[in-house]
Structures are given as C-alpha cells and as structure tokens.
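Taking it in order: structure first as structure tokens, then the write-up.
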Amino acid sequence: MCRLLAYAGPPIFLDALLVEPRSSLIAQSMAARRAMTPVNGDGSGIGWYAERPEPGLYRSIVPAWSDANLVSLCRQIRSPLFMAHVRAATSGEVSMANCHPFTDGRSLFTHNGQIGDYTRLRRRIDALIPDELYHLRRGSTDSEAIFLAACRAGLGKDPARDLAKDSAKDWAGGLTEGSDGRGDRGLHEGRAGSPASTAEAMAATLAEIIAIRDAATDTTRAGMTGAGGRAATGETGRETGPTETGRGTGASGANGSFPQAFGPTVAHAGESTGRPGDGGPDGAAAPGFCPGGDTGAIRFAAIHADGERLTAYRWADDGRPPSLFWRRIGGAMGMGTVIASEPSDDTEEDWNLVPPSSMLTAWPDGRMTLAPFDPKPAVRFDARPAARGIC
3 MCRLLAYAGP PIFLDALLVE PRSSLIAQSM AARRAMTPVN GDGSGIGWYA
53 ERPEPGLYRS IVPAWSDANL VSLCRQIRSP LFMAHVRAAT SGEVSMANCH
103 PFTDGRSLFT HNGQIGDYTR LRRRIDALIP DELYHLRRGS TDSEAIFLAA
153 CRAGLGKDPA RDLAKDSAKD WAGGLTEGSD GRGDRGLHEG RAGSPASTAE
203 AMAATLAEII AIRDAATDTT RAGMTGAGGR AATGETGRET GPTETGRGTG
253 ASGANGSFPQ AFGPTVAHAG ESTGRPGDGG PDGAAAPGFC PGGDTGAIRF
303 AAIHADGERL TAYRWADDGR PPSLFWRRIG GAMGMGTVIA SEPSDDTEED
353 WNLVPPSSML TAWPDGRMTL APFDPKPAVR FDARPAARGI C
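Residues 3 to 393 in my numbering are what the sequence shown lists, from first letter to last.
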C-alpha cells in the first residue's frame, strides 16, 4: 500500500521532512520499512498552503526517488500546513489523475487503504458523487471516490460561512434543514440534516460505503446455491485474523476519555507491535504494520486538510487498519505535529501509533486533539446500481 506524511506547525521547508531524513517519504518510495509492498513507485504528490486560500499542488507519475522536480520544489516551498504521498497502486492505472493528493476548493485529501472488492462496487460508490462534483472525478481510484463522496457530505465546509451564504439565496421552497449548500438535500434523499464537521462527513461517507458493500454481499449470498461460498474468510472475504483492540472499541488513552487534548498514552513505534526482531513485515496483523491481502474489508488511513487544520483518520471494519503514526517536533518557533504512515527518522521512541478507530486533528498553532472515529451504516442500500447517468 501507499505511504503518506503531513505536517501542521510553524512554517518549515518541505525538504526538512520529505527529503532530508534518513527514512524520509522519498526514501520510503523505494524502501518502505513497515509495508507489505515496500516499493511505492507508481507516482507521488505534494499539496501545501501558503499565502492564498487554495492549496498548491504538484503530482507526477515519476517515482519520487528519481523526481528531481519534486526535490527542487521541496527545497523551495515553506509552509505551515502540507501533505505528501507516494503511491503503490491497488486500484486504477498509473496516471497523474490517480496520484494523490486530491483537491476541491480549499480541501486536500490523501489516502492509504482499500475498499475491498472495489471493482465490483465501483458503479454504486461512484453514484454517491453528485453531478455538480462529478467533473472532478478525473481518475479511477477508490481514494478519489471516497474524497468526492465525502465532499458531497460536507467535507471541508465551514457550516457557519455556508449558512450565511445560503441565507442570502432565494431557495425554491425556502432553505430546508436538510440542505447542505451543494444542492444536495442531506446525505440521503428524504433525510434531513447534513454533517457539521469533517469527521461527520467522513464517517457518513464510509458508513454509506459499508452499506453498499454489505447490500452487494447480501445479493451475492442470495444467489448462491447449496452450502458453498467462502469459508475461510467469511462471505465478504474479510479476514478474521488478530486485531489491535477489536472492532468498534474506539481508542483509549491513559484516562480512557475522548476527545482528549495532546498527551494521550499510546503505543510508541517500537512497542507492542508483535514484530520479529528484525523489524520485518511478517507481523502484518500487528499494530504499526500495514495489513496485506485484497479482501472484502474496508481499510482507511487518510488525511484531510482545509487550510486551517489537518485531520487524520485510522480505521478498518475488520480491525486491521493501515499504520499511522504521529510525533511532535519544534524549536524556538513553536511546536508542530507530523503524521505519517511510518516513522521518517531513527528516533522511533518519539513516534506514537494512532490508535485504531481514531481521528487526530492538528493545527499550525501547535494544538492537537485525539478522538474516537467509528463509522456505522445508518441505512441499507439497494444493491442495484443507481441510475445517475455515469459510466
């Protein structure tokens, strides 16, 4: 799977995190240490915020380790808020349109994970993207589909600002409680209410995808004859191996409460991972490693930025989310937060594992919070593809 990194804090040059460290993200493009697929050479990208509200974006299909333009940009760009990604393709061909980060307005989004059986579910998931956003669907990855579906649900919106704009409009029939400012009335037809935060938008989107996957599985099961089917991994192909904390338990810090400010007690990069002594990927089901296998599971490690903050998510519906770490860095200018798929330097004791079913939010002013994140499907979807006029 892919590798990603993001930063929020006092402005720094991008090369301080992406190029210079011994295990920098560019180094991970050639030899990731905590992934089942150590080579991530199917493209790369960076997104950053500077003096303008909209982020800058650079993406390329050139492997990061040989992209001189990428290195040059990293040495010249200084930013308080940025993210980067190196890709190992699991869905979609190698193309610039499939490289991360993805963007819409002020939003940046990068993802490491999978929607299991995505090829079978793609049309149904694409139907979550409304017509007014579908022109942004330039690639063919599950990552881009998640992002655009979440934008429809309210990802990256400022509810107060949007409400002020909407109040000045003459809506036919008036502004309803279910309007979300994008011409889409709520998350589902006939259902009022729209997410008030990026976390709610992301959770609602993943819940819809879970429901689509489960409905498609029910249809497949209904069509089976006899007692056949998948036995070892369950009907959906989801693995039943060991988990870190168990599905749906959420994360817990030393005080067992959420949300909590900076200072939770979590596993460090080298602790309680169940790894062999050589630190290889054999303990893939253990904390801190990216699980392998193309199963029916939905596994999600992602970072969203809106120009003011980063929000990172680590979750999987089989209890085996991709790895995601965080650490604090700083100096005379103040403290910052780094979030990454794996530690980018040799001081592993300074890195903390983001607990499963959790979200971490970091601001450039040094604030940081950790809270639970556990999407649950609210509706059951018809397994038939929706007639939305898309291919």
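Cβ coordinates follow ideal geometry from the N, Cα and C atoms, glycine included. Bear in mind that the values here come from a model prediction, so they are computed numbers and not experimental data.
Cβ-based neighbour list, residue i, same chain, cut-off 7 Å, excluding 5 preceding and 5 following
| i | result |
| --- | --- |
| Ala52 | Gly58, Ser81 |
| Arg329 | Val340, Asp352, Trp353, Asn354 |
| Pro13 | Arg80, Ser81, Pro82 |
| Pro323 | Arg301, Phe302, Ala303, Arg316, Trp317, Pro358 |
Where residue i sits in the DSSP three-state scheme
| i | result |
| --- | --- |
| Arg24 | coil |
| Met370 | strand |
| Ala206 | helix |
| Ala342 | strand |
| Trp353 | coil |
| Ala86 | strand |
| His270 | Note on His270: pLDDT 48, under 50, position unreliable in the model; the coordinate value appears next. Here His270 sits in strand by DSSP. |
Same chain only: Cβ atoms within 6 Å of residue i, ignoring 5 sequence neighbours per side
| i | result |
| --- | --- |
| Ala8 | Met85, Ile305, Leu312, Ile341 |
| Arg61 | Gly47, Met98, Cys101 |
| Asp308 | Arg108, Ser109, Gly158 |
| Gly336 | Pro12, Gly368 |
| Thr112 | Leu6, Met85, His87, His102, Pro103, Ile305 |
| Thr207 | Ala151, Ala152, Ala155 |
| Ala364 | Ala10, Leu312, Thr339, Met370 |
| Ala205 | Pro377 |
Buried or exposed by the 16-neighbour rule on C-beta atoms within 10 Å, applied to residue i
| i | result |
| --- | --- |
| Val88 | buried |
| Ser325 | buried |
| Gln30 | buried |
| Arg215 | buried |
| Thr349 | exposed |
| Ser68 | exposed |
| Glu344 | buried |
| Pro366 | buried |
Chain-order list of residues whose beta-carbon lies under 8 Å from that of residue i (same chain, five-residue window excluded)
| i | result |
| --- | --- |
| Asp106 | Leu135, Leu138, Phe149, Leu150, Cys153, Gly158 |
| Val21 | Ile28, Val73, Cys76, Arg77 |
Residue i, enclosing beta strand (DSSP E) - first and last residue
| i | result |
| --- | --- |
| Leu72 | Where Leu72 is concerned, there is no enclosing beta strand (DSSP E), although the alpha helix (DSSP H) it sits in stretches over 70-78. |
| Leu135 | Segment 133-136 is the alpha helix (DSSP H) holding Leu135; no beta strand (DSSP E) there. |
| Ser145 | Here Ser145 belongs to no beta strand (DSSP E); instead the alpha helix (DSSP H) covers 144-154. |
| Leu7 | 5-15 |
| Met361 | 360-364 |
| Asn408 | Residue 408 cannot be examined here, being either before or after the span of the chain that is shown, 3 to 393. |
| Ser62 | 58-62 |
| Thr105 | 104-106 |
| Gly49 | 46-51 |
Limits of the unbroken alpha helix (DSSP H) element including residue i
| i | result |
| --- | --- |
| Leu130 | Segment: none, Leu130 is in no alpha helix (DSSP H) and carries neither H nor E. |
Practice prompt. For the segment 302-338, list the beta strand (DSSP E) runs that are entirely contained and at least 3 residues long, ordered along the chain.
Written response: Fully contained in the segment 302-338 are the following beta strand (DSSP E) runs of length 3 or more, in chain order: 312-318, 327-333.
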